[in-house]
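Shown next, in structure tokens, is the structure this report addresses.
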Amino acid sequence: MLRIGQVEATATQDGKYTDGSVAGGIAATRLRAAAFNATQEELAHIVESAGLALDINDMTQVLKAIQKLTLSRANPFADIKSDGAAAISTALTNLGLGEGSALPVGVPVPWPSATPPTGWLKCNGAAFSAEEYPELAKAYPTNKLPDLRGEFIRGWDDGRNVDAGRALLSQQGDAMQKISGTVADNAMGASASGSGAMTITGASGTTYYASAAASSSYIYYKTIGIDSSLVARTANENRPRNIAFNYIVRAA
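In UniProt numbering, the protein residues as written are 1 to 252.
Listed below in structure tokens is the structure:
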């Protein structure tokens, strides 16, 4: 951009045009091509930088370009929204407001993909840099993420005494409540049988009479067993029904 005084000696001392004065002997400022070209190119560049093609029949192009290039104060960000999903995504990235940014840094979230989105890390026990992720280091001062692969999250007891003695982020192995019972010395007939999880197998090899009479029926010592797999689904761990998700954590 330039002022006419930069290219024309008949301009005023402060670089402006003057109509001149015959009585005062002041010449009118001459119209110089350089000044007009500068103004033209400045305005044309505004229009073109907004992605608009110059239109000789449209006298509002500079206004349209300015509206497109600047944010609306009357309805903030409405113009970005109207530009579509790509513009919204770029704006959020520029502001550091990527996917899930409404969640605090450090919160674990189940994610349905093996690859976390930008700004998130897998909860796989890996170490991280406090310099690169200072907010994450506040949540995990050891600079190491929890390893939630194959794990369930349990609410912290916090004095309720349901799971007493636990510290935040502490691990706990699997367990089940104790199942106990007794079977005293028993003898039973040859046809004795169990049901459900209970089994009765094999005679001990020693035959006893039910009474002193030789003709009475035999009784035997047998093995009594319990096996929950006979009546329930079993595995090498205790677990509820579940669906596998990839736990990730917002890092920045």
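Even glycine gets a Cβ: it sits at the ideal position worked out from N, Cα and C.
If you're wondering where the values come from, they're calculated on a predicted model, not measured in any experiment.
Take residue i and list the residues in its own chain whose beta-carbon comes closer than 6 Å to its own, dropping the five residues that flank it on each side.
i	result
residue 3	15
residue 50	65, 68 and 69
residue 170	none
residue 310	The structure shown does not extend to residue 310, since the chain is modelled only from 1 to 252, so the question has no answer here.
residue 73	none
Let me know the secondary structure DSSP gives residue i once reduced to three states.
i	result
residue 124	strand
residue 16	coil
residue 249	strand
residue 5	helix
residue 147	strand
residue 56	coil
residue 129	coil
residue 195	coil
residue 82	helix
residue 93	helix
residue 134	helix
residue 170	coil
residue 296	Not covered by the structure: residue 296. The range shown for the chain is 1 to 252.
residue 21	strand
Drop a sphere of 10 angstroms on the beta-carbon of residue i, count the other beta-carbons inside from all chains shown, and report buried for 16 or more, exposed for fewer.
i	result
residue 249	buried
residue 61	buried
residue 81	exposed
residue 144	exposed
residue 35	buried
residue 254	Examination of residue 254 is not possible in this model, given that the chain is present from 1 through 252 alone.
CB-CB under 8 Å to residue i, same chain, minus the five flanking residues each way: which ones, in chain order?
i	result
residue 108	123, 146, 148, 153, 247, 248 and 249
residue 129	143
residue 112	245 and 246
residue 228	197 and 234
Select from the options the residue whose C-alpha is nearest the C-alpha of residue i.
i	options	result
residue 235	69, 174 and 130	174
residue 136	113, 106 and 161	106
residue 93	74, 25 and 117	117
residue 102	161, 119, 23 and 193	119
residue 46	1, 168, 7 and 227	1
residue 131	7, 252 and 9	252
residue 240	195, 151, 199 and 95	151
Do you know how far the Cα of residue j is from the Cα of residue i?
i	j	result
residue 197	residue 225	8 Å
residue 43	residue 245	55 Å
residue 88	residue 71	13 Å
residue 91	residue 155	36 Å
residue 188	residue 202	11 Å
residue 11	residue 38	16 Å
residue 54	residue 63	13 Å
residue 58	residue 5	31 Å
residue 32	residue 41	15 Å
residue 172	residue 180	23 Å
residue 242	residue 110	13 Å
residue 133	residue 126	13 Å
residue 166	residue 159	9 Å
residue 233	residue 78	56 Å
residue 104	residue 114	22 Å
residue 223	residue 237	27 Å
residue 56	residue 23	41 Å
residue 230	residue 199	10 Å
residue 195	residue 121	51 Å
residue 17	residue 25	16 Å
residue 141	residue 95	26 Å
residue 86	residue 76	18 Å
Report all residues from its chain with a CB closer than 7 Å to the CB of residue i; omit the five preceding and five following residues, and keep chain order.
i	result
residue 19	28
residue 164	157
residue 177	none
residue 30	8 and 10
residue 161	none
residue 52	61, 64 and 65
residue 168	156
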